[in-house]
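In numbering that gives the first Met the number 0, the protein residues as written are 0 to 268. Using N, Cα and C, we set each Cβ at its ideal position, and we do this for glycine too. Bear in mind that the values here come from a model prediction, so they are computed numbers and not experimental data.
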Amino acid sequence: MAAVQVASLHKRFKDIHVLRGLDFTVQPGEGVVLLGANGCGKSTMMRCLNGLTPISGGHTYINDRCLQNASRKEVRQLRRKVGVVFQKFNLVNNLSVYQNVLYGAIGRSPWGLLSTMSPLASAEERDKAMACLERVSLADKANQRAEELSGGQQQRVAIARMLMQEPEIVLADEPIASLDPKSGREVMELLWDVVRERGLTVICTLHQLDIALEYGDRFLGMKAGMIEIDAPRKEVSKDLLNTLYQGQVRVDTLSPVATPTTQPQAANA
Ligand SMILES: Nc1ncnc2c1ncn2[C@@H]1O[C@H](COP(=O)(O)OP(=O)(O)O)[C@@H](O)[C@H]1O
Ligand SMILES: [Mg+2]
């Protein structure tokens, strides 16, 4: 079973043809670093993967299940398996660190948001939230408001919230781009450690080549809405990755190409 697969993925926004036929498969437990110049379509691709944005052609799969053929309920269930970490942390600033982590349980909670409010959450979920905070070394900050923490600490809270969700797949889009170099490295180290120790599949976009080369079993390189590089670490060099940033890199300067329509396929088990 593949953890993530995209087949002939296209995405357009009006006259911008952002994703121009992407194909790749990620196996369970693989750690993939996704690289490419600004505006080449990385964030759009990540949003297509977890169904946050509808696609214009092709198919995307989570655990071999096609999102385009799944019912709304199935899509919700599949999305629960996908944890996300964003550049901008996306915490609720005026709530406690602990409450932010508890929200990670929202997908499995019997009454949604309500049952992740700290007075109502089950003892088991509350213990889990504390354990997740301990894993990111922030148990002592549990009762502080999220906005009182430094950027690096806030991103560690976001990682704890992602762990609380108990995902199988993690999509991290520029998780350290808003941080200074030192806390960026610490956060990257932590993120990679926690996904590795749990055997999770991860796709992570980064813009610093030096850091990227320290992580990743495999590298996907995008250029102008297409996959240019798909190679295991041993075949990747800084020179090869540098080619992603040369020449025509942005999609908004290109004219659209034909987009195949998304044909419903026979439902797969
Ligand atoms: N919601 C949107 N509406 C219109 N254009 C968009 C939207 N999101 C992204 N784009 C365009 O898609 C292109 C790729 O953007 P993005 O996926 O953010 O690239 P990257 O993450 O690689 O920098 C850009 O030209 C951007 O302007
Ligand atoms: Mg981006």
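Residue i Cβ short of 7 angstroms to ligand 2 heavy atom set
i     : result
Ser42 : yes
Start-to-end residues for the alpha helix (DSSP H) that takes in residue i
i      : result
Asp57  : Here the sequence assigns Gly to residue 57, which means Asp is not the residue at that position. Per DSSP, Gly57 belongs to no alpha helix (DSSP H); it is in the beta strand (DSSP E), 56 to 61.
Leu180 : At residue 180 the sequence reads Pro, which differs from the Leu that was named. Unbroken alpha helix (DSSP H) run through Pro180: 180 to 196.
Val74  : 71 to 79
Asp139 : Counting along the chain, Asp139 falls outside any alpha helix (DSSP H), and DSSP gives it neither H nor E.
Nearest-angstrom beta carbon gap, residue j and residue i [assumed within contact, 8 angstroms]
i      : j      : result
Ile228 : Leu239 : 7 angstroms
Ala171 : Leu190 : 6 angstroms
Arg276 : Glu73  : Coverage of the chain is limited to positions 0 through 268, which leaves residue 276 absent and any answer about it impossible.
Val96  : Leu137 : 6 angstroms
Leu8   : Gly57  : 4 angstroms
Where residue i falls: helix, strand or coil (DSSP)
i      : result
Ala119 : The question names Ala, but residue 119 is Leu in the sequence shown. Looking at Leu119 - three-state DSSP - the assignment turns out to be coil, as it is neither helix nor strand.
Ala268 : With a pLDDT of only 36 at Ala268, under 50, the local geometry of the prediction cannot be trusted, and no value is derived from it.
Gly103 : helix
Ala6   : strand
Lys87  : coil
Residue i CB to nearest heavy atom of ligand 1 below 7 angstroms
i      : result
Gly38  : yes
Asp238 : no
Ile15  : yes
Gly35  : yes
Phe12  : yes
In DSSP terms, what residue i is bridged to
i      : result
Asp238 : According to DSSP, which records beta bridges pairwise, Asp238 is partnered with nothing at all.
Ile15  : Phe12
Leu269 : Since the first residue shown for the chain is 0 and the last is 268, residue 269 is missing from the structure and cannot be characterised.
heavy atom of ligand 4 below 7 angstroms from residue i C-beta
i      : result
Asp251 : Absence of ligand 4 from the depicted structure is noted, with ligand 1 and ligand 2 being the only ligands included.
Segment limits, beta strand (DSSP E) that includes residue i
i      : result
Ile226 : 225 to 231
Cys203 : 200 to 204
Ile158 : From DSSP, Ile158 is part of no beta strand (DSSP E) but of the alpha helix (DSSP H) over 150 to 163.
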